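J.:
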Amino acid sequence: MAKLLYIKANPKSDQSSRTFIISEHFIKVYKEFHPNDQIITLDLYKEGIHFLSQEDINDIFAPKTEASKHHPILKYAYQFADADKYVFAAPMWNLGIPAILKAYIDYITVSGITFKYTEQGAVGLLRGKKAVHIMATGGEYKTPPFSDFEMANRYLKTILGFMGVEDFQTITAQRLDIVGEDVEKIISNALKEAEEIAKRF
Numbered sequence: 001m002a003k004l005l006y007i008k009a010n011p012k013s014d015q016s017s018r019t020f021i022i023s024e025h026f027i028k029v030y031k032e033f034h035p036n037d038q039i040i041t042l043d044l045y046k047e048g049i050h051f052l053s054q055e056d057i058n059d060i061f062a063p064k065t066e067a068s069k070h071h072p073i074l075k076y077a078y079q080f081a082d083a084d085k086y087v088f089a090a091p092m093w094n095l096g097i098p099a100i101l102k103a104y105i106d107y108i109t110v111s112g113i114t115f116k117y118t119e120q121g122a123v124g125l126l127r128g129k130k131a132v133h134i135m136a137t138g139g140e141y142k143t144p145p146f147s148d149f150e151m152a153n154r155y156l157k158t159i160l161g162f163m164g165v166e167d168f169q170t171i172t173a174q175r176l177d178i179v180g181e182d183v184e185k186i187i188s189n190a191l192k193e194a195e196e197i198a199k200r201f
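Per UniProt numbering, the very first residue in the sequence shown carries number 1; after that it's consecutive.
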């Protein structure tokens, strides 16, 4: 039985967020094809994720003990390391990821839990795990020059790679705010892609 961590980074409802419309469909299909897997939903807004304080930083860099697994910040890093698969449902905001997702990444990128330092430098500890990023965007960022502006999916792929997660896929619904586009068709195509990836994820 695999453990999937479903991370939601949008204050909108499942019905009003175009990202969540796709991600919820992904999860629905995933459940159908992987009925024995455990799915843990982590809504970052409901969790009350905040920016790290000086005290938080001190605790993150302190030696880890058994009690660390119950620390209000470090528990998220242990939870992340314990999962086998990750689904990130996060839209593009101003060319990047929502700030709350960046704050969460600061929670989970912890030396000794999700990566470690060696004589050769940092080494990810999450090898063999896989992730998918589901993202809706108003514009189109697949081709130059606008592909150079895209810093949401690229950042998420990079930071997960740093932690050892090399199996990374992306499902995007782009051009949703461009005048004249068939939004329903774009979302429909993204739903079909989500369905196919969910079956074999």
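No residue lacks a Cβ here, since even glycine has one placed at the ideal position from N, Cα and C.
These numbers were taken from a predicted model, which means no experiment stands behind them.
(1) Closer than 8 Å by C-beta to residue 193: which residues in its own chain qualify, once you throw out the five before and the five after it? Chain order, please.
(2) Tell me the DSSP secondary structure of residue 38 in three-state form.
(3) Could you give the distance in angstroms between the alpha-carbon of residue 90 and the alpha-carbon of residue 185?
(4) Taking all protein chains shown into account, do 16 or more other C-beta atoms lie within 10 angstroms of the C-beta of residue 63, making it buried, or fewer, making it exposed?
(5) Is DSSP giving residue 146 helix, strand or coil here?
(6) Pick from 94, 56, 95, 117: whose alpha carbon is nearest that of residue 76?
(7) What residue range is occupied by the uninterrupted alpha helix (DSSP H) comprising residue 101?
(8) So, do the region 122–129 and the region 150–159 have three or more beta carbon pairs nearer to each other than 8 Å?
(9) Please determine if the region 128–148 and the region 104–113 are in contact, where contact requires at least 3 C-beta pairs separated by less than 8 Å.
(10) Are the CB atoms of residue 176 and residue 85 nearer to each other than 7 Å?
(11) Under DSSP, the beta strand (DSSP E) around residue 169 begins and ends at which residues?
(12) Do you know how far the Cα of residue 181 is from the Cα of residue 73?
(13) Which whole-angstrom value describes the C-beta separation of residue 21 and residue 187, a residue pair presumed to lie in contact below a C-beta threshold of 8 Å?
(14) So, residue 101 versus residue 190, is the Cβ gap smaller than 7 Å?
(15) Do residue 36 and residue 1 have their C-beta atoms closer together than 7 Å?
(16) Excluding the 5 residues preceding and the 5 following residue 60 in the sequence, name in chain order all residues of the same chain whose CB lies nearer than 6 Å to its CB.
T.: Put simply:
(1) Taken in chain order, the residues that qualify are 171.
(2) Three-state DSSP puts residue 38 in a strand.
(3) Taking the straight line joining both Cα atoms gives about 20 Å.
(4) With fewer than 16 Cβ atoms within 10 Å of its Cβ, residue 63 is classed as exposed.
(5) In the structure shown, residue 146 sits in a helix (DSSP, three-state: H, G or I).
(6) Comparing alpha carbon positions, the residue from 94, 56, 95, 117 closest to residue 76 is 56.
(7) Note, residue 101: alpha helix (DSSP H), 99–108.
(8) No: fewer than three Cβ pairs fall under 8 Å.
(9) The region 104–113 and the region 128–148 do not touch, with fewer than three beta-carbon pairs separated by less than 8 Å.
(10) Between residue 176 and residue 85, the gap from beta carbon to beta carbon reaches 7 Å or more.
(11) For residue 169, the enclosing beta strand (DSSP E) has its first and last residue at 167–173.
(12) Distance between the alpha carbons of residue 73 and residue 181 is about 42 Å.
(13) Taking 8 Å as the upper bound for CB-CB distance, residue 21 and residue 187 are in contact here, some 7 Å apart.
(14) Not a contact, by the Cβ cut-off of 7 Å.
(15) Contact: yes.
(16) Same-chain partners within the cutoff: 110.
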